[in-house]
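Taking it in order: structure first as structure tokens, then the write-up.
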Amino acid sequence: MEEGAFYDAGFLVSVLTTQPLDRTLDYKAPEGGCFAGAFVEVPLGPRKVLGVIWGPGRGDFDRSKVRSVLRVLDVPPMREEMRAFLIRAADYTLTPLPAMLRLATRAPGLGDPPSMRKIYRLGGAEPDRMTEARARVLAVLRDYGGLAFTLRELAEMAGVTSSVVKGLVKQGAVREEDSPRDLPYPHLDPDLPGKPLTEDQAAAADRLRAGLRSGNYGTTLLKGVTGAGKTEVYLEAVAEALRMGRQALVLLPEIALTAVFLTRVEARFGARPAEWHSGATMTERRRIWRMVGQGEAQLVVGARSALFLPFRDLGLIIVDEEHDTSYKQEDGVLYNARDMAVLRAAICGARVVLASATPSLESWANAEAGKYERLELSSRFGAATLPEMRAIDMRAEAMTPGTWISPSLRAAVADRLAKGEQSLLFINRRGYAPVTLCRACGQQIGCDHCDARMVEHRFLKRLMCHQCGETKPIPDTCPHCGAEGRLAPVGPGIERLAEEAAASFPEARLAVLSSDLFGSARALKERIEQIAAGEADIVIGTQLVAKGHNFPQLTLVGVIDADLGLQGSDLRAAERTFQLMRQVAGRAGRAEKPGQALLQTFQPDHPVIRAILGGDEERFWQAEAAERQTAGVPPYGRMAGIILSGPEAGPVFDLGNALARNDAPLRQIGAQVFGPAPAPIARVRGRHRVRLLVKAPKGAPLQEAIARWIAPLRLKGDLRLSVDIDPQSFL
């Protein structure tokens with residue numbers, strides 16, 4: 007696609023649609039012609055579908071049967087750099103281009119005419135009868151200098167019902183007008199004063215600003231201990247991008263983080279940025295998509311899918327908590343937003359900042375190799391100091407059967423309660439208990455559709471499968487042997503821990519933070535804000551609490567089972583345990599009062615536990631890197647997962663064996679194939695799953711070889727194959 011190319015009416019053009027097809031389709035340019043990159047509506051069978059003008063048509067179809075583009079949508083055309091990004095992302099992840107285009111058009115009603123809404127402003131007449139409620143409405147409109155409000159906004163600000171406003175409209179005292187919904191976002195002022203920076207922070211901010219001014223692509227790893235003020239540093243880089251007239255994108259790993267972050271952005275720049283994530287309304291998503299493309303949204307704060315918005319001039323991408331595994335999309339299009347951020351920046355000449363207290367080994371290795379610049383913040387901001395970290399050796403603790411909080415940890419929590427400070431009890435298990443066991447027959451209750459145990463969620467009074475989401479009531483009798491009253495929960499989950507904490511500290515105000523317990527992202531945000539304001543004494547949380555939250559009154563973190571992540575064969579087990587423990591410990595002592603982190607462990611001499619307690623992060627990364635290098639695994643080798651699935655196990659294994667036997671394209675690049683083998687969770691949603699693992703040398707052309715390897719396959723019936731380049735999960 008040649009940017010700016012114009013095709014006259016009737017010219018044969020190639021259109022990439024969002025439909026699952028293996029090629030572009032030829033159409034005739036519509037009356038009035040169209041530009042390359044234009045978003046269009048085209049006929050496909052009896053339907054009308056969305057597409058993009060991808061270039062000149064191929065002409066390999068009977069021209070008399072070629073249909074015309076129905077219409078060109080009233081949105082800016084796709085830029086050449088966006089097209090290049092989609093093509094290269096598709097090539098890297100081995101994803102069909104139409105699926106990538108769907109990611110780039112995830113806003114409803116793109117082809118609809120501009121949507122209108124009613125707004126209200128001060129009118130010229132006086133009401134025939136003045137009441138207190140009417141006076142409040144008019145006072146709000148006068149106080150804001152004639153600004154317009156929606157009906158709901160005006161009614162809420164005046165503390166009246168909507169009928170009061172409507173009554174004033176009839177009197178002519180308030181004017182009702184139509185206004186477009188898709189309005190530009192408020193202007194952000196980069197020259198408003200930010201927070202005072204320490205010497206370290208100021209030096210790091212200067213380096214980031216200099217990189218932006220160079221106008222060239224570059225990636226910087228911004229590493230700093232928890233609470234070091236990384237956010238304030240990279241907001242200065244955002245300010246520089248805005249001064250240069252370029253757009254900025256900040257990616258966050260967790261939707262619950264956005265509320266606090268948006269407040270900080272508003273304080274720094276005087277207005278709220280655009281907010282893109284699954285919790286945004288459909289109307290807001292369309293507004294963001296349109297305004298980003300027109301350059302009327304200077305800053306977007308969002309989840310990983312915000313990378314596929316049609317930025318007009320993207321100058322800076324921040325990936326906050328870059329190590330977080332939620333940046334990896336695990337279904338549909340399998341991609342890692344951290345890696346795709348670097349790819350997009352390289353294409354459009356933007357800068358990338360990867361911020362983390364505990365970076366991924368991939369980013370650490372790239373910084374060591376000189377591919378990324380590295381900036382370090384070694385101390386906490388202001389009076390805050392890093393928490394003291396200590397292990398509680400559970401082998402020496404006198405534990406009461408059926409309890410999980412050790413006497414040492416219980417005493418530490420009681421001490422914080424007496425001082426009026428907050429404590430956090432952390433366990434990385436949702437629900438009440440991970441296993442429900444029949445003491446009569448020994449069977450564990452499993453999911454009917456998956457090879458996974460169902461987790462008891464006592465707050466919801468249901469059993470839940472964490473793989474497929476299936477739920478059912480907690481039974482009174484064993485579904486296997488029929489015994490009554492013999493089902494027992496085994497092991498602790500967050501709800502069981504909350505039950506024990508309530509019994510141990512009956513006077514304390516408890517807050518339980520788990521994604522299962524909140525019906526909406528808004529409710530979760532509100533609860534986090536309440537905790538930060540001191541409306542809880544003890545917080546019981548899963549890994550949700552480790553993701554960047556700032557609780558100023560929290561001075562104690564107790565990790566219930568620090569050994570949990572050390573089990574299993576995941577090559578990243580040590581890295582993830584180290585990151586999670588350091589991150590959750592970093593929630594303590596982020597204000598003036600010193601913090602403490604206590605890790606309950608049966609393996610206090612384990613190398614990972616010792617590294618966590620010792621705080622020698624560089625030594626840990628060097629040891630972990632040496633192990634991975636010896637094994638030839640990422641980031642010092644390449645890996646891909648092939649996941650096969652189907653309703654019957656036999657055909658899935660037959661397909662896996664056929665792939666393993668015909669691995670010549672992989673052997674040609676020095677790659678090895680392991681498997682096929684049942685996936686660790688071998689059945690999900692009724693589909694049997696088989697995995698093959700491909701391991702290749704660092705510089706090998708892995709995607710090209712895999713594409714040649716799987717090209718001859720013809721999937722029959724309900725068999726499915728997906729390719730996961732750089733897998734993060736091995737389930």
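To get this note's numbering, take the position in the sequence shown, counting from 1, and add 6. Note that CB positions come from ideal geometry on N, CA and C, so glycine has one too.
- For M106, the enclosing alpha helix (DSSP H) has its first and last residue at 103-109.
- Following the DSSP letters along the chain, one finds A713 inside the alpha helix (DSSP H) bounded by residues 708-716.
- Beta-bridge analysis with DSSP links M645 to K701.
- Considered as a whole, the stretch 478-544 harbours 500-510, 527-538 as its complete alpha helix (DSSP H) runs of no fewer than 4 residues, in chain order.
- Nearest to E506 by C-alpha distance, out of C444, C484, D569, M405, is M405.
- It is roughly 10 Å from the alpha-carbon of L255 to the alpha-carbon of L315.
- Straight across, the Cα-Cα distance linking R464 with E281 is about 34 Å.
- In this structure, A646 and D567 do not form a Cβ contact; the two beta carbons are roughly 32 Å apart against a cut-off of 8 Å.
- When DSSP states are grouped into helix, strand and coil, E476 belongs to the coil group.
- By the neighbour-count definition (other C-beta atoms within 10 Å, threshold 16), C444 is a buried residue.
- Rounded to the nearest whole angstrom, the C-alpha separation of N434 and I500 is 8 Å.
- At least 9 Å separates the beta-carbon of A309 from that of L228.
- Three or more Cβ pairs drawn from the stretch 214-226 and the stretch 246-254 lie within less than 8 Å of each other, which places the two stretches in contact.
- Positions of the alpha helix (DSSP H) runs, each at least 4 residues long and wholly inside the stretch 135-195, are given as 138-149, 157-164, 168-177 in order along the chain.
- Under a 10 Å Cβ-count criterion, G165 is classified as exposed, with fewer than 16 other Cβ atoms of the shown protein chains found around its own Cβ.
- With a cut-off of 8 Å on Cβ pairs, the stretch 100-108 is not in contact with the stretch 365-373, counting fewer than three such pairs.
- A distance of 9 Å or more separates the beta carbons of D326 and Y223.
- With respect to T226, L360 sits close: the two C-beta atoms are nearer than 9 Å.
- Between A629 and P613, the CB-CB gap stays under 9 Å.
- For a cut-off of 8 Å, the C-beta gap from Q253 to L320 is around 5 Å, short enough to register as a contact.
- DSSP places E379 in no alpha helix (DSSP H) but in the uninterrupted beta strand (DSSP E) bounded by 379-383.
- For W295, the enclosing alpha helix (DSSP H) has its first and last residue at 288-300.
- With a cutoff of 9 Å on beta-carbon distance, I480 and K467 are scored as near each other.
- For Y98, the uninterrupted alpha helix (DSSP H) segment begins and ends at 86-99.
- Per DSSP, the continuous beta strand (DSSP E) segment holding K54 begins and ends at 53-62.
- Between W410 and P495, the gap from beta carbon to beta carbon reaches 9 Å or more.
- The continuous alpha helix (DSSP H) containing W370 extends over residues 367-374.
- Leaving aside the five residues that flank V358 on each side, the residues in its chain whose CB is nearer than 6 Å to its CB run, in chain order, T225, I323, A347, V348, A351.
- In chain order, A363, T364, I618 place their CB closer than 7 Å to the CB of R588, counting only its own chain and leaving out the 5 sequence neighbours on each side.
- By the neighbour-count criterion, in which a residue is buried when 16 or more other Cβ atoms sit within 10 angstroms of its Cβ, A131 is exposed.
- W370 is positioned such that its CB atom lies no closer than 9 Å to that of W715.
- With 16 or more other Cβ atoms from the protein chains shown falling within 10 Å of its own Cβ, P440 counts as buried.
- For F45 and A711, the gap between their C-alpha atoms comes out near 33 Å.
- Taken through DSSP and simplified to helix, strand or coil, F67 comes out as coil.
- Note on S20: 16 or more other CB atoms within 10 angstroms of its CB, so buried under the neighbour-count rule.
- The Cβ atoms of G230 and E87 lie no closer than 9 Å to each other.
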